[in-house]
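Protein chains in written order, with the numbering used here: chain A, 1148 to 1311; chain B, 1148 to 1311.
Using N, Cα and C, we set each Cβ at its ideal position, and we do this for glycine too.
None of these values were measured; they are calculated from a predicted model.
Step one of this worksheet: look at the structure below.
Protein chains: 2
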Amino acid sequence: MKLSTKGRYAVMAMVDLASNSKGQPIALADIAERQEISLSYLEQLFAKLRKGGLVKSVRGPGGGYLLAHPIEESRVSDIIVAVDEPIRATRCAPGSPAGCRSNRSRCLTHDLWEELGNQIHLYLSSVSLADICNKQVLGTSGVISHTSAPGHAADPASRASAAE
Amino acid sequence: MKLSTKGRYAVMAMVDLASNSKGQPIALADIAERQEISLSYLEQLFAKLRKGGLVKSVRGPGGGYLLAHPIEESRVSDIIVAVDEPIRATRCAPGSPAGCRSNRSRCLTHDLWEELGNQIHLYLSSVSLADICNKQVLGTSGVISHTSAPGHAADPASRASAAE
DNA sequence: AGTATTCCCGACTGGGGCAGTCAAGATTGG
DNA sequence: CCAATCTTGACTGCCCCAGTCGGGAATACT
């Protein structure tokens, strides 16, 4: 799960598509103008979104793109996965952490990144395009809780820099 | 909150430092060998960690680096923040989303990324070096819950690709 | 048929940051 | 003094993002 501006552009465009389409296709040129994204760049992104099965295309005059799924079932995580190429998570071989186990105690951090990836994916899976259109992204009500983390759970803002 | 290999290296090194130091300083050369990271590159990282106040340095023979804080109070989020330079979150001006409000409906996604950043930061703040050393990173017991997201909370693995 | 509109595809480019190297200088223990 | 170690700065190669360009294919409209 990579988080770059690329994925953000894709989500912006998909939100625009979701909120402006009333059943008829939307031309990329419209989205490009509204979201102030280069048209040619958008074409690249939507090529991937189409291959990922997230949008359907209609060619010819009056054509454009349509959501392939109902707005409530279009998850943000799917968009990002479709657009961003996967990143090699640690330095371990994908799948089996064979490279980790070779010299033990090396990838103590492996579990951490894996779990973090799960957390991010889980959160983004819980947000649909409908949620964003309805502004239901939920504010700063802390949601993550470390099930077994006593002790340093206190003083949450001592050295905590502003979340960027 | 940026997530690159750079931050991972830093965390790996800090975990190594935490688990191998018994009060006496650890030379970077040792960490470099154990973690298979270039020594010169580690030097750069630890320069930032030192400026961030996460480690203390001891010069001269027998010198090296020490954790500046107790192992339980060294949070992963602090390490990553210290090492990775901040990323411009959206395309909005940092702080006030003035650029967003200019043409409305553009940054509907703004809240999403901001909230996601909070989630990540919150999770990484909840993990200390002590947790990692004790392998208490907690497995795949889903922790995030969308407080107000009924409906599409079901079928969690239908199109969910393998978490990478 | 012809034309305009739109998607589709591949190649190309400039820049930024990561990963890593190299070469010095500063500081301290033996 | 000398060796070990941190400290600093400049330098490099490379990959990928963001964006551009030129053309080609499908379709609606006249």
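| Asked | Found |
| --- | --- |
| Within chain B, partners of ARG1197 of chain A - CB distance below 8 Å | The premise fails here: ARG1197 of chain A is roughly 16 Å from chain B at the closest Cβ pair, so nothing lies under 8 Å. |
| Nearest-angstrom beta carbon gap, THR1152 of chain B and ILE1378 of chain A [assumed within contact, 8 Å] | Here chain A covers residues 1148 to 1311 and nothing more, so residue 1378 of chain A does not appear. |
| Identity of the residue in A:ASP1177, A:ILE1227 and A:GLY1209 nearest GLY1200 of chain A by Cα | A:ILE1227 |
| Other residues of its chain near VAL1274 of chain A: CB distance less than 6 Å, five sequence neighbours each side excluded | VAL1223 |
| Through-space distance from MET1161 of chain B to VAL1158 of chain A, alpha-carbon basis | 35 Å |
| TYR1156 of chain B versus GLY1210 of chain A: straight-line alpha-carbon distance, rounded | 48 Å |
| Residue closest to ALA1179 of chain A, alpha-carbon to alpha-carbon, out of A:LEU1263, A:LEU1150, A:GLN1171 and A:GLN1191 | A:GLN1191 |
| Burial state of GLN1182 of chain B, where buried means 16 or more other Cβ atoms lie within 10 Å | buried |
| Proximal chain A residues relative to ALA1162 of chain B, where beta-carbon distance stays under 7 Å | In the sequence as displayed, the identity of residue 1162 of chain B is Val instead of Ala. Correct list: LEU1255 and THR1256. |
| Where the alpha helix (DSSP H) containing LEU1201 of chain A begins and where it ends | Run containing LEU1201 of chain A: none; DSSP gives neither H nor E here. |
| Collapsed DSSP secondary structure at LEU1150 of chain B in the structure displayed | coil |
| With 16 other Cβ atoms within 10 Å as the buried cut-off, status of VAL1205 of chain B | exposed |
| Burial state of LEU1186 of chain B (16 or more Cβ within 10 Å) | exposed |
| ILE1226 of chain B: contacting residues in chain A (beta-carbon distance under 8 Å) | The contacting residues do not exist; ILE1226 of chain B stays about 11 Å from chain A at best. |
| Same chain, Cβ closer than 7 Å to ARG1197 of chain B, neighbours up to 5 away in sequence not counted | SER1204 |
| Backbone CA spacing between ASN1281 of chain B and SER1272 of chain B [nearest angstrom] | 16 Å |
| Cα-Cα separation, GLU1219 of chain B to LEU1164 of chain A | 47 Å |
| Where the beta strand (DSSP E) containing GLY1211 of chain B begins and where it ends | 1211 to 1214 |
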